[in-house]
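Residue numbers (my numbering), protein chains in the order written: chain S, 1 to 543; chain U, 1 to 625.
Right, dumping it as structure tokens:
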């Protein structure tokens, strides 16, 4: 629809009639957003949870659709078909604000409820209920996270959900929307500032000549119109030898990459590896040069942008330890060594430069205004613009000119996970996150938590029984790429055939040794959510 | 919701007990509970069942005699309530136990009426025979605040597992032992039969019945027969209400100038009208039958002797205020009244007098009885709302008042039992005629619970305006030399012998700084150990404070301590500094407590100090006792 950001303000979740949390355990992974959800639930909002696991989010839901991993498109298409057949399509909206409906209709037509039940193993009646609830609701949101995006067909999964919103007009209106929940306080901001290979800061495409010219003028340097590499492509380039040096800022690929054993070999084979981080991560330990960075959220100034596109200021509270320096200072110092005098700009000066080029989104957001409003939501093009809590309201405009470019349906079809289940690898492993852990654990592993248990393979008790495994027993977990040992914990949230690890404690269980590095060509994301494994009993000592 | 439960499992019997509650709920409402392999239902429907928490805990208690950790987990899971909340509720009520306890528990009333009238002797005897409080595997005994059987003092409640609870009054240690050894099959019939002797429970109905309005059927009608109730004029008032239509019923109530008998004396017509006009739906009706004020038993007598009257009156109130559902919240210590009311509800349903199309008049109304479990505070109307909803019975801030946001956040009429019986009478004779009874703004008749140093204690119905002296004379006059009268209960105050000519009206009592309260008239002669009684009152409030707000939680403790020091003759500093402290406490509690409990807890103590009741009494022969 033309902007890489969630369409709704968090607060709208409190006033929605229906929330569909799809591949999102927001109860644990987005606790701030979930507080808004809880407010909604308290005043009568209904919630559906679509997730292979009966997560703590699902335990708040009015219904749980426990689909098989990687069958989201089949489910979404069946819901779309049911909405069409039940006459719940928002026809004026589809006519005026979208394109490609007929193709979509043809694509989903074979996806009957029964067919979807076969593929997803969700009872047809539950699918029908969700379709009708979503189709009839006055205000409905679909919220998703990594359960949708950590697949080999991540972008297609997202399209399948967007199609449902277009079908019913659940976008661009207060309380209705499409809400991708980002993983950290500033994932949105990272992308908005240009850390996406095909984008300039402010959401401009690299191919946009006019925008590029403006950036070139301000930056005083030419910009290639050709997109760079995303992370998965970089590792492929390392493999072919095209990429020989890497400068890695605040990322820990030596633990967080899928098929991490292979990734480590590639990192070790580089000519030169520079890591800039606040901790000496596993990746930093492989580096030729480590640049100690300040923790920007408390040791320096700046801004962050959250999932509702709200830009907020960050303020310095303490001095950084030792030789650690703010990221921008390090970057400017490197530029200096390379013969470019970028001076020593303050955080506000860096921000104001961005504002001078990001005319659509950030131009109106001075530090003074961010202070005054407690943050502003982009787009905010002018100093007197109030910010935009609700995205794509234009789609509802009477005036076709104001309505602008219609949103296209993107028909997509179900493709099963790359890492197939076979007799050798009969169990589906999915990586999950818990409330008190964050990704590879760099930021969270150093703190104690009352909720924490030893990293274990979470699995279904019946599966355990059929394999002759007791709760707590150590087992070997084998995938097509590697194997790890871990104790077992019988988790009632898992169904037979499904197991899970968190990625938070790679020093205990190196889970990404198992995961598949097959990745989505549209987004570059690896298939972390769908690994085929088998579970082997360890020989008892002395055998 | 996502519940974090311990590994403790409920026994099959405990699960069955909870299942029975859910089944009954499903039958009544069509709201079926789905159970998944590992999880109970979640979502809005499940969270909407939290109000079944108290009934579920009762069911476990009735089945096992205590609530095990496994049962707590199971209830939490089935109702989607955090286990900490379930524990918080289970431990809020005196009749629930979360640690193993004997299956038969003898609650011995040691409160202001029973204690000095045989209750303490029973406690002493039971200590000798059964050991200290709470000890014993088959049966144990515990002290209890007022059981509401004061006219038959001393009173005992036998709470039992897998069989009906019974009240014994007047009780003896021998009667308790006999009841405990009675075979389980014998049920409650024998104990209940003892209450048929109306000359004990309601002496006024035994002789001159002229002037009886609320009690006109008490002692005459068979409380277990709907036909007999109709033969005594039953359901004529509902018929009349349907003829009038809801708005004219409210007009009659307003014309009658009926005021609430629960203590606050709020105009009933205004309350009903407010709810009837509220656009939000549904509306709820609640009958507050949590009669727990020490010394009060009038509602119990009405409910035991004329249960259909209450159901009819609730139906009229529901009809007038547009409520389709009524809750009858009765204190857990009233087993006989509970049995009679359940029977009355069942019979009324069977005859189409509850349910859809009541009386063929095309309106829907049904009543659900909810048992309290031993918590005085639940008589406070907003605490009662929380109790029904499955929360701890802690009062809410007002406003919003229940008529705006009451049960489940909806407009709710809450009326006391006595208030509702007045509705039958005012529809029988008409609002204006009703308004002509009584005196001034206090219209109609009033029920008084007369006990203590009188020959014939019991419930007396007199017109408002009757003097205290006349009332005491009705009960046979004061035995011995009168020292004081406790008027209005523990939350009321003491009046002195030279104030007996006070007219019993809202205005009259206010003039002498007293209150009618719940209608308690406890006559104290010079033989009464008044310091002990004051300490019992202070201990009562300390026990019953819900602990939610600081002035009450701390104030009731400090008040009890200061009283104990004074009574011991060992004040901190001087007697005057202790009195100043009590005054200080009282001011803070009255000003800053959330609800009436904290606000009235110092009242009786202060009035007693003013009358010198803390000073050791002198017996007639002049010696200090």
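All C-beta atoms, glycine included, are put in the ideal place defined by N, C-alpha and C.
Residue j beta carbon less than 9 Å from that of residue i
i	j	result
residue 489(S)	residue 453(S)	yes
residue 154(U)	residue 122(U)	yes
residue 144(U)	residue 374(U)	yes
residue 465(U)	residue 431(U)	no
residue 169(U)	residue 158(U)	no
residue 523(U)	residue 485(U)	yes
residue 67(S)	residue 528(S)	no
residue 287(S)	residue 274(S)	yes
residue 383(U)	residue 396(U)	yes
residue 258(S)	residue 516(S)	yes
residue 473(U)	residue 446(U)	no
residue 358(U)	residue 238(U)	yes
residue 108(S)	residue 77(S)	yes
residue 601(U)	residue 545(U)	yes
residue 179(S)	residue 142(S)	yes
residue 135(S)	residue 89(S)	yes
Contacting residues, own chain, Cβ-Cβ under 6 Å from residue i (five flanking each side not counted)
i	result
residue 383(S)	364
residue 1(S)	392, 407
residue 100(S)	408, 409
residue 254(U)	269
residue 623(U)	At residue 623(U) the pLDDT is 40, less than 50, meaning the model places this residue with poor confidence and gives no usable figure here.
residue 34(U)	41
Supposed contact pair residue j and residue i - C-beta distance, whole angstroms, cut 8 Å
i	j	result
residue 212(S)	residue 493(S)	At roughly 48 Å, the Cβ-Cβ gap does not stay under 8 Å, so residue 212(S) and residue 493(S) are not in contact.
residue 361(S)	residue 177(S)	Contact flag wrong, Cβ pair sits at about 18 Å.
residue 521(U)	residue 448(U)	5 Å
residue 22(S)	residue 42(U)	About 17 Å; that fails the 8 Å criterion.
residue 181(S)	residue 56(S)	Incorrect: roughly 15 Å between the Cβ atoms, too far for contact.
residue 331(U)	residue 362(U)	In fact, because the Cβ distance is near 35 Å, the residues do not count as touching under 8 Å.
residue 475(S)	residue 260(S)	In fact, because the Cβ distance is near 20 Å, the residues do not count as touching under 8 Å.
residue 295(U)	residue 109(U)	Between residue 109(U) and residue 295(U) the Cβ distance is about 11 Å, and since that is not below 8 Å, they are no contact.
residue 84(S)	residue 105(S)	6 Å
residue 137(U)	residue 171(U)	At roughly 23 Å, the Cβ-Cβ gap does not stay under 8 Å, so residue 137(U) and residue 171(U) are not in contact.
residue 496(S)	residue 520(S)	Residue 496(S) to residue 520(S), Cβ: 28 Å. No contact.
Cutoff 8 Å; reference residue i; Cβ partners in own chain excluding five residues on either side
i	result
residue 542(S)	Unreliable placement is indicated for residue 542(S), whose pLDDT of 47 sits below 50; no coordinate value is reported for it.
residue 620(U)	Note that residue 620(U) has pLDDT 44, beneath the 50 cutoff, so the model's placement of it is unreliable and the number below is only indicative. The answer, listed in chain order, is 481, 526.
residue 309(U)	217, 229, 234, 302, 421, 424
Sheet register partners of residue i (DSSP bridge)
i	result
residue 114(U)	None, per the DSSP bridge assignment.
residue 428(S)	498(S), 532(S)
residue 47(S)	19(S)
residue 459(U)	449(U)
residue 81(U)	Looking at the DSSP assignment, residue 81(U) forms no beta bridge with any residue, so it has no partner.
residue 524(U)	484(U)
residue 485(S)	476(S)
residue 277(S)	292(S)
residue 410(U)	DSSP, once it has assigned bridges, lists no residue as partnering residue 410(U).
Spatial neighbours of residue i in its chain, beta-carbon cut-off 7 Å, leaving aside the 5 residues before and after
i	result
residue 71(S)	119, 120, 414
residue 100(U)	66
residue 50(U)	79, 81, 389, 390
residue 179(U)	158, 166, 168, 191
Min CB distance residue i to chain B below 9 Å
i	result
residue 41(S)	The structure shown contains no chain B; its protein chains are S and U.
Proximal residues, the stretch 39-52 of chain U versus chain S, C-beta separation under 9 Å: Residues passing the 9 Å Cβ filter: 39, 42, 43, 44, 45, 46, 47.
For the stretch 62-87 of chain S, list every residue whose C-beta sits within 9 Å of some C-beta in chain U, in sequence order. Per Cβ criterion, the list reads 62, 63, 64.
Can you give me, in chain order, the residues of the stretch 125-138 of chain U that have a beta carbon less than 8 Å from any beta carbon in chain S? Listed by position along the chain: nothing, the set is empty.
Short-range partners of chain U found in the stretch 11-38 of chain S, where Cβ spacing is below 7 Å: Answer set for the stretch 11-38 of chain S: 27.
Using a Cβ cut-off of 8 Å, which residues of the stretch 345-367 of chain S contact any Cβ in chain U, in chain order? Residues: none.
Would you list, in chain order, the members of the stretch 453-485 of chain S that have their beta-carbon closer than 8 Å to a beta-carbon of chain U? Of all residues in the stretch 453-485 of chain S, none has a Cβ within less than 8 Å of some Cβ in chain U.
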